[in-house]
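Chemist: Let me give you the structure first, and then I'll get to my questions.
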Amino acid sequence: MRGDMKMDDKITGSETSIGIADEIAKLKKLLDDGILTQDEYDQQKSRLLNNTPTESTNSASSPQNQGLQPSPEKPKKTGKGCLISVLIVLLVIAGIISVVTKITENSNNATSSNTTSTSAESWREFDDRTWADFKNLYVSHSRLLQNVSLFSEGRVSQLELYDSMKQAKEYFRKAAMSFDYGNNSEEKTYLSSFSSMALSDQMATESIMKYLDKGNISDLSKATDHLEDAKEAALLIASNRGTLLVRAGYTQEEISEKINSEMAELEEQISNGGNS
């Protein structure tokens, strides 16, 4: 019996060493690809060598309608939390200022001439509807990033993050198919960016879930790419809205006032966790 216990100990120790070696190999690939700096590589390698990996389950619980509730304390990051923090570091989020700038720049360069017979009043109604849709998309995109950030800080569990990604995936899937109400080619072109943003965020959630399941760095890299695509779609929407507001008959002064007011409301909504 004593001999069996020693053999089990050897097997367990060997499996742990192999697991650590695999994680170090993944970190080395991130270093070689330029995703991690040498200091970040050394720090994460040290954590792997000095800490025992923890296990967690990936099954999702009931969906949540709001963002995750973080733990008041910040536990030390280990395993996937360390690696997924790279996604947050690298991701250049489309901030409120960037969106404001894009709308303002394009409104200054746009002309009021229509290529369709759509009236200014109809353009205003279209803008009201699409702006409401954009706010929902933008807030949901920001909430996705916030939840990933909380996990990278060790403030929510892997199970909680997985559950939030499952919920977000379903939201973005439905959203991507809902922007079919354009009545002319210009409206349809404008709405295509909404579908692209939702689809990119959907694919990002799928890649994050795969990463949580299997720990493949390639899935984390894909998630970063998809989130970047979603950001670019958001900026394109903002840029095209400048032209839309001119078509709707607003003056430059009215556009500036409208944008600043709406963006302030959106920023406040995001800071409140998505609640209006």
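Quick note on the working numbering: the sequence shown kicks off at 204 and runs consecutively.
We treat Cβ as the ideally placed atom computed from N, Cα and C, and that holds for glycine.
Predicted model only: the values in this text are computed from it and were never measured.
1) Decide if Thr255 is buried, meaning its Cβ has at least 16 other Cβ atoms within 10 Å, or exposed.
2) Going by C-alpha to C-alpha distance, which of Leu353, Glu457, Ile462, Gly476 sits closest to Trp334?
3) Which residues in the same chain as Lys391 place their Cβ atom closer than 6 Å to its Cβ, once the five residues preceding and following it in sequence are excluded?
4) Could you check the C-alpha separation between Ser474 and Ala451 for me, to the nearest Å?
5) Do Leu271 and Glu363 count as a contact pair if the criterion is CB distance below 8 Å?
6) Runs of 3 residues minimum, wholly inside the stretch 444 to 470: which ones carry the beta strand (DSSP E) assignment?
7) Give me, in chain order, the residues of the same chain whose beta-carbon lies closer than 6 Å to that of Tyr393; leave out the 5 immediate sequence neighbours on both sides.
8) Please check the pair Tyr414 and Leu423, which I expect to be a contact at CB under 8 Å, by giving their CB distance rounded to whole angstroms.
9) Use the C-beta contact count for Thr454: other C-beta atoms within 10 angstroms, 16 or more gives buried, fewer gives exposed.
10) Based on Cα-Cα distance, which residue from Leu340, Ala467, Ala371 lies nearest to Arg397?
11) Would you mind giving the Cβ-Cβ distance between Asp404 and Phe375, rounded to the nearest angstrom? I have them listed as a contact below 8 Å.
12) Closest by CA to Met412, which one among Leu439, Asn387, Asp366, Ser381?
13) For Glu460, which residues from the same chain have a beta carbon less than 8 Å from its beta carbon, with the 5 sequence-adjacent residues on both sides left out?
14) Cα separation between Ala297 and Glu435?
Modeler: Looking at the atomic coordinates:
1) Low per-residue confidence applies at Thr255: pLDDT is 40, beneath 50, and the placement is therefore not dependable enough to give any value.
2) Ile462
3) Gly385
4) 30 Å
5) yes
6) none
7) Asn443
8) 5 Å
9) exposed
10) Correcting the residue identity first, residue 397 is Phe in this sequence and not Arg. If we check each option's Cα against that of Phe397, Leu340 comes out closest.
11) 5 Å
12) Asp366
13) none
14) Low local confidence applies: a pLDDT of 44 at Ala297 is under 50, so the model's placement there is unreliable, and no value is given.
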